[in-house]
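Engineer: Below you will find the structure I want to go over with you.
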Amino acid sequence: AQSVAQPEDQVNVAEGNPLTVKCTYSVSGNPYLFWYVQYPNRGLQFLLKYITGDNLVKGSYGFEAEFNKSQTSFHLKKPSALVSDSALYFCAVRDTGANNLFFGTGTRLTVIP
Amino acid sequence: DAGVTQSPTHLIKTRGQQVTLRCSPKSGHDTVSWYQQALGQGPQFIFQYYEEEERQRGNFPDRFSGHQFPNYSSELNVNALLLGDSALYLCASSLRRGRNTIYFGEGSWLTVV
Chain A
1 AQSVAQPEDQ
11 VNVAEGNPLT
21 VKCTYSVSGN
31 PYLFWYVQYP
41 NRGLQFLLKY
51 ITGDNLVKGS
61 YGFEAEFNKS
71 QTSFHLKKPS
81 ALVSDSALYF
91 CAVRDTGANN
101 LFFGTGTRLT
111 VIP
Chain B
114 DAGVTQSPTH
124 LIKTRGQQVT
134 LRCSPKSGHD
144 TVSWYQQALG
154 QGPQFIFQYY
164 EEEERQRGNF
174 PDRFSGHQFP
184 NYSSELNVNA
194 LLLGDSALYL
204 CASSLRRGRN
214 TIYFGEGSWL
224 TVV
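From first to last, the protein sequence lines are chains A and B. Quick note on this note's numbering: the first sequence kicks off at 1 and runs consecutively. Quick note on this note's numbering: the second sequence kicks off at 114 and runs consecutively.
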């Protein structure tokens, strides 16, 4: 069975500092991993995905994520945080052999001016 | 290129009533999935439609049903509404084949009173 864990409910970071939002996963086969962002009262916006290939995946709005197979992690990162990055971030894993996603519980990122 | 569109944006229903939510997938996509996001939680997979048939289903009761039309648009129906059905309902679209990105709409906010 697939599952995703986001160990931090809340992450606070100062504007201009690097940010990391953590995600660990459990899958029975090859992992297909995704990050989505949700702004208040909005739907989910796709940021990036890992399917195969390079462990460092680059996505939208300057975000990137590092896939680590040995640690079963897929942490979201950004070198310099913006106040506008403040939102709810979800890590998700795609069900093996299917096309639906299992989501983590989300991490609320607050970037402090 | 229109993304995933959903209607209505907000609605309020009374316990025991029935509701229908609608979704048009992103242009070129043939697969539609529905997710329920309760307040403070990550999205939970309800079911997926492809070629006008339900292909996968999450852990939701039969009160939740759906339909996909020949133009790939979809409806989510919920019967005998309960207070606990209050949530953001998200529609997602993708291509059935390949390692494709799943895109989400803005969602429909359902409040059951």
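For every residue, glycine included, the Cβ atom is placed at its ideal position computed from N, Cα and C.
1. Can you list, in chain order, the residues of its chain whose CB lies under 6 Å from that of His123 of chain B, leaving out five sequence neighbours each side?
2. Among A:Val21, A:Leu47, A:Arg108, A:Asp9, which has the Cα closest to the Cα of Ala87 of chain A?
3. Output the boundary residues of the beta strand (DSSP E) element that contains Ala115 of chain B.
4. Are Thr214 of chain B and Lys49 of chain A closer than 8 Å when you measure CB to CB?
5. Would you say Ser120 of chain B lies against chain A (beta-carbon separation less than 8 Å)?
6. Please confirm if Gly141 of chain B has its CB atom under 8 Å from at least one CB of chain A.
7. Taking only the alpha-carbon atoms, compute the straight-line gap between Phe177 of chain B and Phe158 of chain B and give it to the nearest angstrom.
8. In the DSSP assignment, what are the bridge partners of Gln181 of chain B?
9. Inspect the CB distances between the stretch 202–209 of chain B and the stretch 133–147 of chain B and report whether three or more fall short of 8 Å.
10. Exposed or buried, Asn12 of chain A, counting other C-beta atoms within 10 Å across all chains shown (16 or more means buried)?
11. Can you list the residues of chain B that Leu82 of chain A reaches, using a CB-CB cut of under 7 Å?
12. Cβ of Glu219 of chain B less than 8 Å from any chain A Cβ?
13. Give me, in chain order, the residues of the same chain whose beta-carbon lies closer than 8 Å to that of Tyr25 of chain A; leave out the 5 immediate sequence neighbours on both sides.
14. Would you say Thr214 of chain B lies against chain A (beta-carbon separation less than 8 Å)?
15. Given this structure, state the Cα-to-Cα distance separating Glu64 of chain A from Trp35 of chain A, to the nearest angstrom.
16. Among B:Ser199, B:Phe160, B:Gln119, B:Arg210, which residue has its Cα nearest to the Cα of Asp175 of chain B?
17. Taking C-beta pairs closer than 7 Å, name the residues in chain A that Leu203 of chain B reaches, listed in chain order.
18. If you measure from the beta carbon of Tyr25 of chain A to each beta carbon in chain B, is any gap under 8 Å?
19. Applying a beta-carbon distance threshold of less than 7 Å, which residues of chain B neighbour Asn100 of chain A?
20. Considering only DSSP beta bridges, list what His75 of chain A is partnered with.
21. Tell me the rounded alpha-carbon separation between Ala193 of chain B and Val225 of chain B.
Structural biologist: On the basis of the supplied data:
1. Here the set comprises Trp222.
2. A:Arg108
3. Note, Ala115 of chain B: premise wrong, no beta strand (DSSP E); not H, not E.
4. yes
5. no
6. It does not: the Cβ of Gly141 of chain B has no partner Cβ on chain A nearer than 8 Å.
7. Rounded to the nearest angstrom, the gap between the Cα atoms of Phe177 of chain B and Phe158 of chain B is 12 Å.
8. Gln181 of chain B pairs with B:Ser187.
9. yes
10. exposed
11. Those do not exist, as Leu82 of chain A stays about 22 Å from chain B at its closest Cβ, beyond 7 Å.
12. Residue contact with chain A for Glu219 of chain B: present (Cβ-Cβ distance below 8 Å to some residue of chain A).
13. Gln2, Ser3, Val4, Ala5, Pro31, Leu33, Thr72, Ser73, Phe74, Cys91, Val93
14. yes
15. 10 Å
16. B:Phe160
17. Gly43, Leu44
18. no
19. Ser146, Phe158, Gln161, Gln169
20. Answer is A:Glu66, bridged to His75 of chain A.
21. 11 Å
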